[in-house]
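Number 259 in the numbering used here belongs to position 4 of the sequence shown; there are no gaps in the numbering.
Note sheet for the following structure.
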Amino acid sequence: MISKFLIPVAIAIISIIVGVVVGYSIRKRIWEKKAQNAQNDADHILTEAKARVDAAKAEVNAQKQAADAIKQSAQNTKKEKILEAQEQIQDYRQKVEDELNDKRDKIARDQNRLTQREDTLDHKNSLLKEKEDDLTKKDEQLEQKQTELAAKLQKADELVEQTTQKLYEVAHLDKEQAKKLVLDQLADELVKERAELISNSNQEVKAKADHYARKIIIDAIQSSSADTVAETTVSVVDLPNEEMKGRIIGREGRNIRSFEALTGVDLIIDDTPKVVTLSGFDAIRREIAKRAMERLIKDGRIHPARIEETVDKARKEVNDDIYEAGESALMELGIHKMNPELVKILGRLKYRTSYGQNVLGHSIEVAKLAGTMAAELGLNEKLAVRAGLLHDIGKAVDHDIEGSHVEIGVELTRKYHEPDVVVNAIAAHHGDVPKLSFIAELVVAADTISSARPGARSESLENYIRRLTDLEQIANRYDGVKQAYAIQAGREVRVMVEPDKISDDRITVLARDIRNQIEKELDYPGNIKITVIREKRAVSIAK
256 MISKFLIPVA IAIISIIVGV VVGYSIRKRI WEKKAQNAQN DADHILTEAK ARVDAAKAEV
316 NAQKQAADAI KQSAQNTKKE KILEAQEQIQ DYRQKVEDEL NDKRDKIARD QNRLTQREDT
376 LDHKNSLLKE KEDDLTKKDE QLEQKQTELA AKLQKADELV EQTTQKLYEV AHLDKEQAKK
436 LVLDQLADEL VKERAELISN SNQEVKAKAD HYARKIIIDA IQSSSADTVA ETTVSVVDLP
496 NEEMKGRIIG REGRNIRSFE ALTGVDLIID DTPKVVTLSG FDAIRREIAK RAMERLIKDG
556 RIHPARIEET VDKARKEVND DIYEAGESAL MELGIHKMNP ELVKILGRLK YRTSYGQNVL
616 GHSIEVAKLA GTMAAELGLN EKLAVRAGLL HDIGKAVDHD IEGSHVEIGV ELTRKYHEPD
676 VVVNAIAAHH GDVPKLSFIA ELVVAADTIS SARPGARSES LENYIRRLTD LEQIANRYDG
736 VKQAYAIQAG REVRVMVEPD KISDDRITVL ARDIRNQIEK ELDYPGNIKI TVIREKRAVS
796 IAK
């Protein structure tokens, strides 16, 4: 009975134990599987985290490399900007120095010109003072002679009375006969004195006339001074860069050919950096070409159609400037009525030079001189000014019309109904026809003064070279002179001496001797600086 009862219990216990074992095994497997899954998840998370960390590190490294590259680029850019700024500063400094040097040279030239003018005026003032002193002395002498003559006449009257009385007493002559005899004797005595008085009076009148004429000319020159414009046959246009030369030339040279055909000037492109040269004898054509080229360079579009358009605009601008130059000359001189075509022709003289002298400036100067002298002499001042202004009008178109500028000027003024006095002054100012008025004489005198005054016209190349050669030859004459160079356009002579033959004390004496010899032998404007250089070198070679 008990065994029957224990068997089910044992079976139940065994079943329970088996169930427990089996459950434990199943749970263990489930836990192991969960642990494995958790481990796998953790490994996966760690792998992803590691990948993300690596990606983050790579990104950080990439950003660091990019930052280093940007920093390096910034440093390179900074260096380039600094170098560029330094170059710009250097260029600007050089430009400023060049401008300052040009201004210093101009100031020096102006000072030299003013010094020469002051010296000339001082010399003329001294001459005038001497003339005035001479005239004062002559006036005093004349008054003294007049006093002496009055005394002699009084004495003669007394002698006449005495002689008359004696004649009455001795010869028993009547009063008329005695008077005639005495006057004949007195006339013979006074012939010499009369001749002296007439000669002195003529000299006095001549001296006063010379003094008055000099005063008129000096006043006219002082009130009509003008600068000189140098003659040139080329114009230079600056370029922003060297690449612009290729664009100006164009494909197969079509741009340069079109430009030269439209303007009538030669366009020269050489190795000179950042410039092109315009060459031509006609200053108006050069001015048109220069303005057109500057506008093309600024615009940047360079092709035949654009060149034609730009040249037309530049030509119109220059024509307007020519007319304005003519009107300005009339306003400056107070001339109110003149044919517009003649005004335009007059304005063309702004672009015409003669021996380095601007013809429009020369014409205005001649007009002022002639007007001033006419006013002093009581002549028609306005007519003299008009004749002086138009005396070289033919030079404005002498390149286009055959004949001399005098013939062309006469034809133009007759065509536009200028007064006969003006026409004759133009025709006669070179002595081709007789002068029919005093105004024509004044125009000739004013033209001569304006052309011949110091600095009005440039000297020829031959005279310039001869002066430089003479300066060097004078310095080379002295013993001990090794080499001599004339520099600064003849404004300075540098003399190199042999140190063994000339001492330091001797170079001062040599400089003075050369200066004295130059002053004695040569005629030159301004001042010449003589610099004597003595240098002794000791050279030794170590072996």
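For glycine and all other residues, C-beta sits at the position ideal for the given N, C-alpha and C.
None of these values were measured; they are calculated from a predicted model.
key: Stretch-stretch touch, CB-based, cutoff 8 Å, three pairs: the segment 633-647 with the segment 569-576   = no
request  = Just the C-alpha distance for residue 597 and residue 582, rounded to the nearest angstrom, thanks.
outcome  = 10 Å
query = Can you give the Cα-Cα distance for residue 294 and residue 301, rounded to whole angstroms?
reply = 10 Å
message = According to DSSP, simplified to helix, strand and coil, what is residue 609?
response = strand
ask   = Rounded to a whole number of angstroms, what is the C-alpha to C-alpha distance between residue 548 and residue 555?
value = 10 Å
ask   = Which first and last residues belong to the alpha helix (DSSP H) in which residue 575 is found?
value = 559-588
task = Return the chain-ordered list of same chain residues with a C-beta closer than 6 Å to the C-beta of residue 280, the five sequence neighbours on each side being excluded.
result = none
key: Contact between the segment 670-689 and the segment 734-749 (3+ Cβ pairs under 8 Å)   = no
ask   = Could you check where the alpha helix (DSSP H) with residue 763 kicks off and where it finishes?
value = 759-776
task = Could you name the residues of the same chain whose beta carbon sits closer than 7 Å to that of residue 653, not counting the 5 residues immediately before and after it, in chain order?
result = 660 and 663
key: Closest Cα partner of residue 769 within the set 679, 286, 725 and 523   = 725
query = Helix, strand or coil: how does DSSP classify residue 272 here?
reply = helix
ask   = Out of curiosity, what's the CA-to-CA distance linking residue 395 and residue 774?
value = 40 Å
key: Best match in 495, 671 and 575 for proximity to residue 593 [C-alpha to C-alpha]   = 671
message = Could you tell me which whole alpha helix (DSSP H) segments of length 4 or greater appear in the segment 526-562?
response = 538-554
Extent of the continuous beta strand (DSSP E) to which residue 741 belongs = 736-742
ask   = Are the segment 747-761 and the segment 692-709 in contact at 8 Å, needing three or more beta carbon pairs?
value = no
query = Can you find at least 3 beta carbon pairs, one from the segment 627-637 and one from the segment 601-612, that sit closer than 8 Å?
reply = no
inquiry  = Quick check on residue 721: does DSSP put it in helix, strand or coil?
reply    = helix
query = Can you list, in chain order, the residues of its chain whose CB lies under 6 Å from that of residue 676, leaving out five sequence neighbours each side?
reply = 638, 692 and 694
message = I'd like to check one pair, residue 614 with residue 575: are the Cβ atoms closer than 8 Å?
response = no
task = Consult DSSP for residue 521 and reduce its assignment to one of helix, strand or coil.
result = strand
key: Own chain, CB closer than 7 Å to residue 522, minus 5 neighbours either side, in chain order   = 511, 514, 515, 531 and 533
task = Could you tell me the distance, in whole angstroms, from the CA atom of residue 766 to the CA atom of residue 733?
result = 11 Å
message = Cutting at 8 Å between CB atoms, please list the residues of its own chain near residue 525, excluding the five before and the five after it.
response = 532
query = From what residue to what residue does the alpha helix (DSSP H) around residue 663 run?
reply = 660-670
ask   = residue 735: which of 796, 286, 403 and 751 sits nearest, CA to CA?
value = 751
inquiry  = Applying the 10 Å Cβ sphere with the 16-neighbour rule, what's the burial state of residue 447?
reply    = With a pLDDT of 49 at residue 447, under the threshold of 50, the predicted position of this residue should be treated as unreliable, though the coordinate-derived value follows. Flag for residue 447 reads exposed.
message = Distance check for residue 296 and residue 274, CA to CA, integer angstroms please.
response = 32 Å
query = Alpha carbon to alpha carbon, what distance is there between residue 528 and residue 357?
reply = 21 Å
ask   = Should residue 730 go down as buried or exposed, given a rule of 16 or more other Cβ atoms within 10 Å for buried?
value = buried
query = Going straight from the alpha carbon of residue 384 to that of residue 771, what length do you get?
reply = 29 Å
query = Which class does residue 752 belong to by DSSP, given the choice of helix, strand or coil?
reply = strand
ask   = Going straight from the alpha carbon of residue 493 to that of residue 561, what length do you get?
value = 20 Å
inquiry  = Can you list, in chain order, the residues of its chain with a C-beta nearer than 7 Å to that of residue 787? Leave out the 5 residues immediately preceding and following it.
reply    = 750, 752, 762, 765 and 766
ask   = beta strand (DSSP E) containing residue 794: first to last residue?
value = Here residue 794 belongs to no beta strand (DSSP E), and DSSP marks it neither H nor E.
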